[in-house]
Amino acid sequence: MKIAKILNNNVVVVVNDQQREQVVMGRGLAFMKKTGDELDDSKIEKIFALQSDELVAHLTELLSHIPMEVMTTCDQIITLARGRLGKLQENLYIALTDHCNFAIERQKKGVPISNALLWETRRLYPKEYALGLEALEIIYSRLGVRLPVDEAGFIALHLVNAQLNGEMPEVAQITRVMQEILNLVKYQLRIEYDEESLSYQRFVTHLKFFAQRMLSRTVVADDDMTLHVAVKENYPQAWQCSEKIGDYLAAQYQRDLTTEEIMYLSINIERVRKECSPKETP
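Using the numbering used here, the final residue of the sequence shown is 288, and nothing's skipped along the way.
This is the structure we're talking about:
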């Protein structure tokens with residue numbers, strides 16, 4: 007494996023047999039080396055074989071000025087997240103590392119940033135938030151920097167983003183849409199959510215992808231009209247609630263729901279309604 011470009015003592019770029027660039031990392035990997043030299047395989051700690059040349063270019067730029075310890079720490083966090091969440095988009099390496107490095111620098115300077123979506127993130131993405139908390143402990147144990155709990159929320163949103171393959175502003179908007187719909191259902195049906203219930207978790211998962219489709223203007227076409235009629239007749243409260251959600255989204259986001267989308271919303275709302283306790287009237 008020959009060096010094509012040296013970024014610093016610990017990071018180099020190589021070209022593989024398919025003539026694709028790869029980023030290789032290892033402590034002292036490029037010490038006393040020059041372009042064209044063979045790498046010492048025993049010093050290689052990580053090879054980033056990203057599918058996109060654009061991502062390789064971004065990662066190359068990022069690693070040229072970010073400490074190796076921060077990169078290896080974020081790599082450990084991403085490996086942990088992949089084990090829990092499954093496939094994550096490759097751009098997470100760049101987005102999460104860049105964010106964590108900036109957060110660490112801010113914390114050292116005493117200028118942390120508060121997270122306005124922390125409460126919603128904790129409720130809507132419990133798995134990702136739990137990983138965010140674990141990430142803070144990993145950062146503290148490896149780098150000696152104690153980041154505030156707000157950062158667990160930011161890290162969680164990066165993990166959500168990596169599952170949805172969207173951009174962070176979109177994920178923040180998805181989170182807001184989910185919270186708005188949850189509040190509409192809660193007050194329309196006068197229920198208290200059981201956030202530990204399977205129906206609630208299913209509903210949140212449905213809303214996550216529903217909100218993404220809505221914001222990206224991806225329409226789910228109407229299919230079996232007889233099924234629509236059956237759901238409307240059997241779940242009248244949930245259907246009425248879904249229609250009110252449709253009115254709200256049309257007014258706020260100029261997005262008209264199809265009958266198919268109202269049907270799926272109704273099915274998930276009905277599950278939640280059956281398992282949740284009625285809200286007490288004052």
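Quick reminder that beta carbons are idealized off the backbone N, C-alpha and C, glycines included.
Terminal residues of the continuous beta strand (DSSP E) containing residue i?
i             : result
glutamine 28  : 27-31
isoleucine 53 : 52-54
Identify every residue that forms a DSSP beta bridge with residue i.
i             : result
valine 20     : Ile9 and Gln28
asparagine 14 : Val17
glutamate 44  : Lys8
Label residue i either buried or exposed according to how many other C-beta atoms from any shown protein chain fall within 10 Å of its C-beta, with 16 as the threshold for buried.
i                 : result
leucine 271       : buried
glycine 116       : exposed
glycine 159       : buried
proline 288       : No answer about proline 288 holds up, because its pLDDT of 46 lies below 50 and its placement is not dependable.
glutamate 143     : exposed
isoleucine 273    : buried
tryptophan 125    : exposed
glutamate 201     : exposed
methionine 231    : exposed
serine 248        : buried
glycine 32        : buried
phenylalanine 216 : buried
lysine 93         : exposed
lysine 52         : exposed
glutamine 169     : buried
asparagine 240    : exposed
valine 4          : For residue 4 there is no data in the structure shown, the boundaries of the chain being 7 and 288.
isoleucine 119    : exposed
threonine 41      : exposed
valine 62         : buried
glutamine 218     : buried
leucine 153       : buried
tyrosine 193      : exposed
glutamine 25      : exposed
tyrosine 206      : buried
tyrosine 135      : buried
On the premise that residue j lies in contact with residue i, defined as a C-beta separation below 8 Å, what is that separation, rounded to the nearest angstrom?
i              : j             : result
isoleucine 251 : leucine 163   : That pair is no contact at about 23 Å.
leucine 13     : valine 19     : 7 Å
valine 237     : threonine 264 : Not really, about 13 Å apart at Cβ, beyond 8 Å.
isoleucine 100 : histidine 64  : 5 Å
If we call anything under 8 Å between Cβ atoms a contact, is residue i one with residue j?
i                : j              : result
isoleucine 110   : leucine 98     : no
leucine 68       : aspartate 104  : yes
aspartate 43     : lysine 11      : no
leucine 137      : leucine 165    : yes
threonine 181    : threonine 127  : yes
methionine 220   : valine 177     : no
isoleucine 50    : cysteine 106   : no
glutamate 276    : aspartate 228  : no
leucine 130      : valine 210     : yes
leucine 213      : isoleucine 187 : yes
leucine 35       : asparagine 16  : yes
threonine 66     : arginine 148   : no
arginine 279     : alanine 244    : yes
glutamate 140    : leucine 86     : yes
cysteine 282     : glutamate 198  : yes
valine 155       : glutamine 113  : no
phenylalanine 54 : valine 29      : yes
If you follow the alpha helix (DSSP H) that residue i is part of, which residue opens it and which one closes it?
i                 : result
isoleucine 100    : 98-115
arginine 148      : 132-149
isoleucine 251    : 242-259
methionine 220    : 204-221
aspartate 81      : 74-91
phenylalanine 160 : 156-170
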